Amino acid sequence: RKEVEQDPGPFNVPEGATVAFNCTYSNSASQSFFWYRQDCRKEPKLLMSVYSSGNEDGRFTAQLNRASQYISLLIRDSKLSDSATYLCVVGYTGRRALTFGSGTRLQVQP
Amino acid sequence: GAVVSQHPSWVICKSGTSVKIECRSLDFQATTMFWYRQFPKQSLMLMATSNEGSKATYEQGVEKDKFLINHASLTLSTLTVTSAHPEDSSFYICSARNPGLAGGLSDTQYFGPGTRLTVL
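From first to last, the protein sequence lines stand for chains C and V. Taking this note's numbering, the leading residue of the first sequence gets 511, the next gets one more, and so forth. Taking this note's numbering, the leading residue of the second sequence gets 15, the next gets one more, and so forth.
Here you go:
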């Protein structure tokens, strides 16, 4: 079983749609959680950290459920520029590197 | 945000040659840098953790004699792919943790733009 699992997609949605991604992690010792965005042939870029209380940044809302060990990302009012691969990323106690999910591909269509 | 650079951004080489990739933190000192590899349509996979002034820590299955890592200063880590073969063709990405921004064991990491290696 992978440490961090995501639905690879692709999710094809029209502009203006609301789309949600989920991610599950297997290690209960996980300490920090992030969503990164990766465009084709580019490096990952931090989209937002995910906090236990949930957090929002503009059109993006992240939620963490420690009991069920899953993380979600909600994108409202999708834009064409949101088309990318979204990576769920987890950090573990005692391990300074991050563990990446394989990513969920989003394609926003006009 | 913090800036991490990588050089070269792409390289094409013949099988059997060695390729050196540089990773630099431009506006902060990074005691720890990480090297990842990403094959097409796959996730980033950690190869090794590069520690300034000490030996790198390699992930299971990564050959330390093939992927040489040197972290000679607080702003530079290098990855050398020795005797490269076509199966080493991949996207190599480094990242650096900026301890000045936040504490904790696993903080925000800043990624370099990556190096695309193609071995013929």
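Beta carbons: idealized from backbone N, C-alpha and C, even for Gly. Please read these numbers as outputs of a predicted model, since none were measured by experiment.
{"Item": "Chain V residues whose Cβ lies nearer than 8 angstroms to that of G611 (chain C)", "Value": "S57"}
{"Item": "Three-state class that DSSP yields for L590 (chain C) in the structure shown", "Value": "helix"}
{"Item": "First through last residue of the beta strand (DSSP E) which encompasses N565 (chain C)", "Value": "N565 to D567"}
{"Item": "Spatial distance of Y124 (chain V) from A530 (chain C) (CA atoms)", "Value": "25 angstroms"}
{"Item": "Complete runs of the beta strand (DSSP E) confined to the stretch 512 to 568 of chain C [at least 3 residues]", "Value": "514 to 516, 521 to 524, 529 to 535, 540 to 548, 555 to 560 and 565 to 567"}
{"Item": "Cα-Cα separation between N522 (chain C) and D549 (chain C), rounded to whole angstroms", "Value": "16 angstroms"}
{"Item": "Beta-carbon proximity of T46 (chain V) to N65 (chain V), cut-off 8 angstroms", "Value": "yes"}
{"Item": "H85 (chain V) burial status per 10 Å Cβ neighbour count (16 or more: buried)", "Value": "buried"}
{"Item": "Exposure label - V560 (chain C); buried when at least 16 CB within 10 Å", "Value": "buried"}
{"Item": "Beta-carbon proximity of Q516 (chain C) to G601 (chain C), cut-off 8 angstroms", "Value": "no"}
{"Item": "Closest residue to A98 (chain V) among V:K55, V:T89 and V:V25 (Cα-Cα distance)", "Value": "V:V25"}
{"Item": "Test item: CB-CB of S588 (chain C) and A527 (chain C) under 8 angstroms", "Value": "yes"}
{"Item": "Neighbourhood of Q20 (chain V) by C-beta distance below 7 angstroms, restricted to the same chain and skipping five residues each side", "Value": "I35, E36, C37, C108, G126, P127, G128 and T129"}
{"Item": "Reduced DSSP category for E36 (chain V) - H, G, I as helix; E, B as strand; rest coil", "Value": "strand"}
{"Item": "Ranges of the beta strand (DSSP E) found wholly within the stretch 42 to 97 of chain V, counting only runs of at least 3", "Value": "46 to 52, 59 to 65, 81 to 87 and 90 to 95"}
{"Item": "Pairwise C-alpha distance: A539 (chain C) and G118 (chain V)", "Value": "Confidence at G118 (chain V) is low in this model, with a pLDDT of 45, below 50, so the placement of that residue should be treated as unreliable; the coordinate-derived value is given next. Straight-line Cα distance between these residues: approximately 14 angstroms."}
{"Item": "Beta bridge counterpart(s) of R130 (chain V) as assigned by DSSP", "Value": "V:W24 and V:F105"}
{"Item": "L119 (chain V) at chain C interface by Cβ criterion, 8 angstroms", "Value": "A caution first: L119 (chain V) carries a pLDDT of 43, below 50, which makes its placement in the model too unreliable to give a value."}
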